[in-house]
Structures are given as structure tokens and as C-alpha cells.
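Following: one structure in C-alpha cells, then a few remarks.
There are 2 protein chains.
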Amino acid sequence: MTVPSLYDRPDFFAAYSRLPRSLHGLDAAPEWPVLRGMLPDLRGRRIVDLGCGFGWFCRWAAAQGAARVLGLDVSERMLARAAADAADPAVEYRQCDLEALVLPEGAFDLAYSSLALHYIVDLDRLAGVIHRALAPNGRLVFSIEHPIHTAPIRPGWIEGEDGRRVWPLNSYSVEGRRVTDWLAADVAKYHRTLGTILTLLLRTGFHVSQVVEFCPTEAQIAARPEMEEERDKPTFLLVGASR
Amino acid sequence: MTVPSLYDRPDFFAAYSRLPRSLHGLDAAPEWPVLRGMLPDLRGRRIVDLGCGFGWFCRWAAAQGAARVLGLDVSERMLARAAADAADPAVEYRQCDLEALVLPEGAFDLAYSSLALHYIVDLDRLAGVIHRALAPNGRLVFSIEHPIHTAPIRPGWIEGEDGRRVWPLNSYSVEGRRVTDWLAADVAKYHRTLGTILTLLLRTGFHVSQVVEFCPTEAQIAARPEMEEERDKPTFLLVGASR
């Protein structure tokens, strides 16, 4: 690729590296306990992690007894840091552009992806690749930025007519590229409606079995009061499906 | 019941009776072509319509060759008008509160509901009743007000910081009763997230196969320019599922 990936841009990488989930791993991600609960037993399973970043999930999955974990990411910087962490022989990292991903057929029991699929232009193609790469009854579990979060032309809380905080939703059904300033300037994501995301999976042949719009628990809000915003507008969509 | 149903309140009934879909039937409902496309072939099928209102769908289904159509509604006024229309021997109307619905097991091939389920307090119970009332491979097809539409504490378009129209979304994950002024004062609906609606179906045993967030076509917007709002914020959620 001639254009460096978003996560290889020095400004973005520096800001992303300072996020709690980058510094402290899975337990610093508020949606992780819910996503973890959507996973099958990992012992002896073959797993592919699409957009593995610093490899936190890959190492955790190996520690749960996974037979093999293949971590894929487009970012050379992230993979370099992932590889520099304590190595587990069950984990392998590979640099690859998910837009052009090729995987062997029926080779995995679980495809996992955390907050990567909203960067994908051709999600139809990728869903087909994942479906074919799964063994019968294989699972796909992923998180993605919620369409309500990605939709607005001008995202960011504003004050409603009664003085309450409101999320300025518009353009929900206008799908496609959204360029925003998130951690750095000019970050491009792809907005799709919830209906489109689920329909795309169903059309590919997946059975959709879990659809969760993440909302923090009372305990999480007590510990981090700013998370109360999530009650007004979900940021993360979590989906579980089977081949 | 001691409290008359919403649709039996004179103010609401009068306003509802003047809506295009009340006056002109299915073809005046913009979402109908999509909902119709989600239905199985109706010839010879046994159908129950939950919240049948004036009976437009029941009569249409009978005209498609349905073997039997049972139209259920809590509103005596609506059923009186439905019954006054040209009778088809395949159609039967029955007054009943969907909250306390009892249906025979395995007796229907299709359960249909148009814009009624957002009035239901105990949707878990009703989903179970519908599931048991369907024959194996029976279908459930329904429309419901979209959670994005029902969520806000203060629904109604406002102007965003860039002057564009925005829908003031908040309280999305705070489920429960919402009282608004729609056609009349103090209309109570029950807000549930999209995740909750789908999870409730999956937990009941349904296979979810269609999830559509209705957006009008270019032709519909050309004919009725005010419908362009639907691109910014979906009003109708359409779901298809199988037993």
C-alpha cells in the first residue's frame, strides 16, 4: 500500500497508544466483559483475530487454552509492539490488509474482531471470506462502532431544547464514508445501518444469535461517571453469529 | 378492562382515522411495499394479525388466498369499522387485549403485526405466545416504531450546530414507558432497544432472518418530499423471523 494505514500515522498512533485499552488491555475496555461473555469456550480452538492491534486478545485467547491464534492487522507499528510482548507459541501475527484478506477454508473455529470493521470499505467481501474460513458451527463474534455513533454529519453532544444532553442524529440511512476528528484529524470510517450490518451477515449465510448495544453497568458508571453518556447513545455494537 | 384502549379514546380515534393509512389502507403506508416483500406466499396459509385495526391487512391477506385470517385488536371502535367493511368468509375479527392473549398451539403459519408491538408492556410473554402458536417453520413478520424514534425524552426535530436538522437522541438504553403527544395528548408507548427486541426473539426460540430499518425510496421522496426526514432518522423497524 502506498498510503500508510491510519494506525501507522504518527499522530494517530501516538494518541491511540495513550488510550486506557492500549495501555492496560482488555480489562480497560468497558465493553470487554460483555464481549467475553459472548465467546465460546476457547480451549483447543483455532482463532483468527481481525484487527488484532497490540495483540491483547490474541495473548488472552492463548492463555485460555486456544490451540492457535492468528492475529491480523494492517498496522506495522502495532504488530511490532505486539510481537515485542511476551511470545506465546500458539500466537502468530501477520500483517495484512483486511480489504484483500484471503484465508484457508474451514480453518478456524472462531473469528473475532474488536472495533475494526467500521474501517472496512467492502464488508460484504470480508463477511464472505470469514464465513468460508470458519469450520461448520464456527462462530463470529465482533464489536463495531454503533451506527447511531457513526451516523451524524456532525457528531458530538449538544444541548436539547429542554437543556438535556442530546446526540445530534441525522443521515442515519445515508451510508458510506464519514471523516471525523477522532484522536487525530481526518479519520475515515464507514457508516452502515444496523439493518445493513445484520442483513449482510444473514445474506452471507450466518445465523445471527447475539445482538447487544453496549451500555455500561451501574458499577461502571459509579467508577467512571462520564460513561453515563452511553445510556443516552450507544457507542459499541456487539454481534455474535454462527456459520 | 376499565380503561378504554388508546384507540377507543375519542380524540385519538378521530385523529388516527384521518391518517392516510386509515383512510386509504396498505398502499398509503410508505413501509408497506417493504413489509409485503418480507411475507411468505399466503395461499392456503393460516394467519393471525396482532393489532389488526381497521382490518386492511386481513382483507388483503384473504384476497391473496389465505385459508384463514384472524384479526385481533383491543379497540372496539376499530373492530366495529373493520367488521362493517365487505366481509370475506376467511376473515374473523376478535376483540382481545394482546397483553393477555391466549392462542392455540401450532395453529398458524404466519403471525403478522403492523405498528402495534410498541404498545405492549410484556413483550416477552407475547413473543412466547406467538412462538407457540406458530406451526414448525411458521413465520413472524412485524413492524414496530424504531427505537431511535421512541427513545428521546423530548422527541421532535431540532436544529444542530451547523443549522442542519437533527433528531435529539438520548435515553436510548433507558427502556420503558414513554408518554408523548402523538395525534392526541398522553399517548404511552414502550421503548426497547433494537438489541432488546432482537434478543427477546432469539431467546424465545425464533430465528431472526430479516431486519430492515425502513427508508423511503427516491420515488417516494419525490412524491412526498417531507419523507426525506426518514433518511436522517428511521421511524419504522421491520423484522422477519421463523419458528
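Line by line, the protein sequences are chains A and B.
Going left to right, the first sequence walks through residues 3 to 245 as the working numbering numbers them.
Going left to right, the second sequence walks through residues 3 to 245 as the working numbering numbers them.
Heads up, the beta-carbon is just placed ideally off N, CA and C, and yes, glycines get one too.
The structure presented is a predicted model; accordingly, all values stated were derived computationally and were not measured.
When you compare the CB of residue i with every CB in chain B, is at least one pair closer than 9 Å?
i	result
A:Leu204	yes
A:Val143	no
A:Gly158	yes
A:His209	yes
A:Glu220	no
A:Thr4	Interpretation of A:Thr4 is limited by its pLDDT of 49, a score under 50 that renders its predicted location unreliable; the figure taken from the coordinates is listed afterwards. A:Thr4 does not count as touching chain B.
A:Lys235	yes
A:Pro32	no
A:Thr152	no
A:Gly162	yes
A:Ile223	no
A:Ile146	no
A:Glu228	no
Indicate whether at least one CB of chain A lies closer than 9 Å to the CB of residue i.
i	result
B:Val50	no
B:Val214	yes
B:Thr182	no
B:Gly197	yes
B:Ser175	yes
B:Tyr95	no
B:Glu232	yes
B:Ile155	yes
B:Val168	yes
What is the DSSP secondary structure of residue i, counted as helix, strand or coil?
i	result
B:His148	coil
A:Ala30	helix
A:Trp2	Since the first residue of chain A shown is 3 and the last is 245, residue 2 of chain A is not available in this structure.
A:Phe59	helix
B:Glu163	coil
B:Arg83	helix
A:Pro138	strand
B:Leu8	helix
B:Ala255	Residue 255 of chain B lies beyond the range of chain B shown here (3 to 245); nothing can be said about it.
B:Asp75	strand
B:Asp183	coil
B:Leu239	strand
A:Met3	Residue placement at A:Met3 is poorly supported in this model, since its pLDDT is 44, which falls under 50; the coordinates are not used for a value here.
A:Glu215	strand
A:Ser175	coil
A:Ile49	strand
A:Gln97	strand
Closest to residue i by CA distance: which of the options is it?
i	options	result
B:Gly108	B:Ala118, B:Arg96 and B:Gly130	B:Gly130
B:Arg141	B:Glu94, B:Glu78, B:Leu44 and B:Glu33	B:Leu44
B:His193	B:Ala186, B:Met40 and B:Leu239	B:Leu239
A:Arg166	B:Glu161, B:Glu163, B:Ala65 and B:Asn172	B:Asn172
A:Pro22	A:Leu8, A:Arg226 and A:Arg245	A:Arg226
B:Leu117	B:Leu200, B:Asp13, B:Leu52 and B:Val76	B:Leu52
B:Gln222	B:Pro32, B:Ala64, B:Ser24 and B:Ala82	B:Pro32
A:Ser77	A:Arg11, A:Asp111, A:Ala65 and A:Asp90	A:Arg11
B:Ser24	B:Pro6, B:Arg83 and B:Phe110	B:Arg83
A:Arg20	A:Asp234, A:Leu100 and A:Met80	A:Met80
Tell me whether the beta-carbon of residue i lies closer than 9 Å to the beta-carbon of residue j.
i	j	result
A:Val241	A:Leu203	yes
B:Phe216	B:Val36	yes
A:Val143	A:Ala187	no
A:His148	A:Phe208	no
B:Ala190	B:Tyr95	no
A:Ile199	A:Ile150	no
B:Ser175	B:Thr195	yes
A:Val50	A:Ala135	yes
A:Arg156	B:Gly162	yes
A:Ala92	A:Ala68	yes
A:Tyr9	A:Asp87	no
B:Trp58	B:Gly39	no
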